[in-house]
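Taken in sequence, the protein lines are chains C and R. According to our numbering, numbering within the first sequence proceeds without interruption in unit steps and concludes at 541. According to our numbering, numbering within the second sequence proceeds without interruption in unit steps and concludes at 1022.
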Amino acid sequence: MALPLLAAASPGPHTATSPLTWIFGLPLLAALLMALIPRNFRFVIRSLALLATLSSMVVAVVMFCQFRNIETARPGFLFVEQHEWSPAIGLGYHVGVDGINVGLIVMGAIVAFAATCLSRRIVTREKEFYILLMLMAGGILGAFASLDLVCFYGFHELALVPSFIMIGLWGRGDNKNFAAYQITLYLSAGALLVLLGLLALYLQLPPGERTFDMVALAGYFQSRPVSLAAERWIFPLLLFGFGILVSLWPFHTWAPPGYASAPTPTAMLHAGVVKKFGLYGLIRIALPLMPHAAAQWALILACLCLGNIIYCGLAAMRQRNLNLLIGNSSVAHMGFAFLGIASLTTIGISGTVMIMVAHGFLAALTFALSGYLDEELNTLEIHEMGGLLRHLPFIGTVMIMAMLAGCGLPGFANFPGEMMVLFGSWDRFPLVAGVAIWGALVIGGVYMLRAIRNIWHGEKSWPGISDPANVWRKLPYGLLLACLILLGCYPRLLTDSIAISVEPVARMASGEPGPAGRPSVQVPPPAAAVGTPQATVAKAN
Amino acid sequence: MNHLPLIIPEMSVTGLALAILLIDLWTPAARKPWLGYLAAMGLGVILVISFTNRITDNPATAFGGQFICDGLSIFFKRYFIGAAILVVLMGIEYADRIPVGIAEFYALVLLALAGMMFAASANDFILVFVSLELITITSYVLVSFQRGRLASLEAGVKYLVMGGLSAAFLVFGIALLFAASNSTSFAALNDAPALLAGNRLFWLGLLLILTGLAFKIAVFPMQMWAPDVYQGAPTPVTAFLAIASKGAGFVLLLRILFTAVPCISRHWQTLFMAVAGISILYGNLCALPQRSLKRLLGYSSIAHAGYMMLGVAALSSDGSAAVLYYLTGYLFTLGAAFVVICLVCRETDDIGALSGLSQRSPVLAFAMAMAMVSLAGVPPLAGFAGKLLLLLAVVERAGANPAYYWLAIVAVIGVVISLAYYLGVVRAIYWSKTPAGTAPIPLSLTMQLSLAVCMAGMFYIGLFPNAVLQAATEAVKALQF
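Written out as structure tokens, the structure is:
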């Protein structure tokens, strides 16, 4: 890899091309190239898409390894690249990673590759499909890498709009038109609220110093905080704007039908990666810059997240369609992420970041598997299935493991994240945390185990149904599952760097000046969680 | 006369119009398209020459202060010429649907353009009225140019009635203004603010003038003509009304509010906010159920005028610069949309006519989809950058007056509503079940070129705001806030 990876740590003006630019630039470049290739060169188009996402994934993984090596114990951004764009309004190109977004970028790149692998089943208008898929992948990776508010917003929008066409053109079910409109209008409304909030934040600076640069903004607000009157307007705009994007209850109704109607790769990317944008925005922008409003809204947010966990969990229990069940359970999982944010503690917010990464893999994996079942069986009604494990040993095993991961079983990446969130929120909201544990373990256990029984066990026989033919076709599923298990067994891979970057966020959010320099809070739970998971669960119960 | 050099652009446009009428007498029917090319080329030369003139900081005035040549007027003159070139080129494509008098069509467009250029430089209410009449009267004829089509005639009559009404408002307002202040000159009004601030007669006059201008830019309360006329008029004329005529209304509005009576408009922010909010919601909500593409764009043009009123309501130089920026983006975006409509919607302008377009002509399908997405305000296209600047200007004022937050929220709600119908058009293009036809659509070289320029402009203005924003900021230096 001849990329100037190590130049990242050097000081001075960062104009050298950062690996981040490659990570999201490669898919976008591929989209541009594909537009020039005639549509009957199907093999070329598909190979180009695979090549782009594969190399983007490899660059992301290499970057992650180097990040772990260079990363020191101080918060700050690595692999920074910065160019002026429109100095008149303080707009610039600025990318960089720290502990909060590095995991998301790697996760996004891996999911994008897996989604491209699984696009093999798209047979109509492949050219358009792959162009849109590349736009979506490049857009969301760009949004996570951006440290400029306008780029941050613009890249997300780039990822959002293709989903409208993808659901409409290649979607499944009779409801797809409605679902396409619903998801697009809902998410645009959320994104525009966010935009208003971001603009208002930008305008808090005096005219000469205005900038859309997140780092500069954070630096400015550290010495001169946002006025309380402005916080009262801006924080709710950001909270509900980002909340809609992450399907915060009661703004979640777009998610299950939208995912159920979307083609498999779109659902994987959207539920896995695009949805995390809102949580990322809350952690990156809303919490640290507006601590007073964050403290005021924390309780409300904690109560709303119970809506996600309990209400959507119960809704998932009643679903007869596998995709709707997964969609609802994915919304329920977001409740934990919100609970971690509401806790305003280092450990809670770190848990949220961990859940974001873990859930990205999990949601992508479950939607990929349900997509496989849909293609093989032509139905996703749970009561019509049964006895499938004999015919689909590989898919079945992976699916059962994914569902257990969704229940929060130790050994999978979701467990340490949820554990950290519970530890973080216990002090502030003991009641909410207690109800959340109950909701997650009991309700989640009920619908997941019931789905496992109804789909995989039983007497039914399915002639002509079989596993993916060769190891290459099993690769995307295996890749996602391996990531889940890797992070489940060795969460410190991420949590160490997350904690370093989250600590100043939490300190600013809780309004304490705190000791400068080294973070005082260490993060015990990952190690503890790996050590004695059963005991911890028992204690939590 | 050292005043004449200032109006050379206007004189050359008028001369071009007369020349085309004359040359038409000796042109055989088969060669008529050349008249269009001649007009477009002539305008192109004038446009290029306008860029060689340096804008000085000191505005030059002529004819007793009636005519002013400053940054604002030059910005808008370039805008109008660009729009007119596009309309003339569309007219060449549309010529087979205009039974007689295609030369007069080009000449009328040029004469209306001359009126707009005078309007951009108007520094006196007399010149405002005369130039507006020149624009409006030529537009009556242009709207009903397809004499054989009932819809076109009907649209012409509607436009005539509403235009007459608004002209009456305008001239009555000017009379009241004159009665109160004894002057029609912007400079004189600006010099005597204390005298007029409490004068009810003056306020009423100004209000009537603004009502007259509201007709030109099609905002509440004078918006009702837009959908009918947009639907009935020949497509190039619709484009002309939507792009250039709206721009003329805005340059007059900005100049009257912020050079003639800045001390009064400062207190009218609530009025502008109400006009902006109501227009945005009205335009977008009414556009939702429309099936006719041109009617849909008519309603959406009301909403876009409302968005631009956001910049006026902000009462700041940033707001006005954002209006200019938005208009520039609007020129390219609507230009692309109308070129596609002109080519595709030959018999009917129902949205259904677009279905299957992605199979018939991928280029046109892509252009139309991009234009719709840009109108809706999705990055990285022109519509997004424009809306971003307008919202910035509005939210900037919210610190002092939280009502501006509500205005911004109304605008955002409007954008979400508009997504529904713009995406409806995209849907018709890409996944409609019943294709309107299967024949590929021929695309002449001129249209290819116009489309390419419009698309490039859309992306350029969305991605690289520097140059246009700088030009807009320079232009609004002529205004006071």
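All C-beta atoms in this analysis are idealised placements derived from N, C-alpha and C, irrespective of residue type, glycine included. Quick caveat, the model's predicted, so the values are computed rather than measured.
Within 10 angstroms of the beta-carbon of C:T15 lie fewer than 16 other beta-carbons, which makes it exposed. For R:T602, the three-state secondary structure derived from DSSP is strand. For the set C:G424, C:F423 and C:A506, the Cα lying nearest the Cα of C:H292 is the one of C:A506. Burial check for R:Q1011: the Cβ neighbour count within 10 Å stays below 16, so the residue is exposed. Relative to the Cα of R:S991, the nearest Cα in the group R:A580, R:F799 and R:I626 belongs to R:I626. For C:L203, the closest C-alpha among the options C:A191, C:R172 and C:Y220 is that of C:Y220.
Taking every protein chain shown into account, the CB of R:K974 has fewer than 16 other CB atoms within 10 angstroms, so this residue is exposed. The C-alpha of C:I37 is placed about 37 Å away from the C-alpha of C:V398.
With contacts defined as CB atoms closer than 8 Å, R:L1020 and R:F799 qualify as a contacting pair.
Taking C-alpha positions only, R:A558 is separated from R:F743 by approximately 39 Å. In the DSSP annotation of this structure, the continuous segment of the beta strand (DSSP E) that includes R:I609 starts and ends at F608 to C610. Residues of the region 953–967 of chain R with a C-beta atom less than 9 Å from some C-beta of chain C are V953, I954, V956, V957, I958, L960, A961, L964, G965 and V967, listed in chain order. Taken through DSSP and simplified to helix, strand or coil, C:Q319 comes out as coil. At least one beta carbon of chain C lies nearer than 8 Å to the beta carbon of R:G940. In chain order, Y259, T264, A267, M268, A271, G272, N323 and I326 place their CB closer than 8 Å to the CB of C:F367, counting only its own chain and leaving out the 5 sequence neighbours on each side. Within chain R, the residues whose beta carbon sits less than 7 Å from that of C:A189 are V957, listed in sequence order. The Cβ-Cβ distance between C:W249 and C:N328 does not fall below 8 Å. The criterion of a C-beta distance shorter than 8 Å is satisfied by C:S425 and C:G348. Taking a C-beta distance under 8 Å as the contact criterion, R:V956 and R:A917 qualify as a contact pair. Here the alpha carbon of C:A509 sits roughly 33 Å from the alpha carbon of C:A316.
With a threshold of 8 Å between beta carbons, R:Q831 makes no contact with chain C. Interface with chain C (8 Å Cβ-Cβ cutoff): R:Y971 is included.
The three-state reading of DSSP puts R:V650 in helix, counting H, G and I together.
C:W297 carries a helical assignment under DSSP once its states are collapsed to helix, strand and coil. Short of 7 Å from the beta carbon of C:M401, and not among the five residues preceding or following it, lie these beta carbons of its own chain, in chain order: L481.
Counted as a single uninterrupted DSSP element, the alpha helix (DSSP H) harbouring R:Y823 occupies residues Q810 to A828. In this structure C:L78 is not in contact with C:I89, their Cβ atoms being roughly 27 Å apart against a cut-off of 8 Å.
Look at C:L228: its C-beta is not under 8 Å from any C-beta on chain R.
By DSSP's assignment, R:L627 forms no beta bridge with any residue.
Apart from sequence neighbours up to five positions away, the residues of its chain that approach C:L20 with a beta-carbon distance below 6 Å are F79, V95 and A145, ordered along the chain.
In this structure, the alpha-carbon of C:G154 lies about 31 Å from that of C:F41. Closest in alpha carbon position to C:F164, among C:L479, C:C151 and C:A179, is C:A179. Approximately 7 Å separates the beta-carbon atoms of C:L196 and R:L932; this is inside 8 Å, confirming the contact. Residues of the region 218–250 of chain C whose Cβ lies closer than 9 Å to any Cβ of chain R, in chain order: S227, A229, A230, W233 and L237. Taking CB atoms only, C:E157 has a neighbour in chain R less than 8 Å away. Contact note: C:V161 reaches chain R through V914 and V919, using a C-beta cutoff of 8 Å and chain order.
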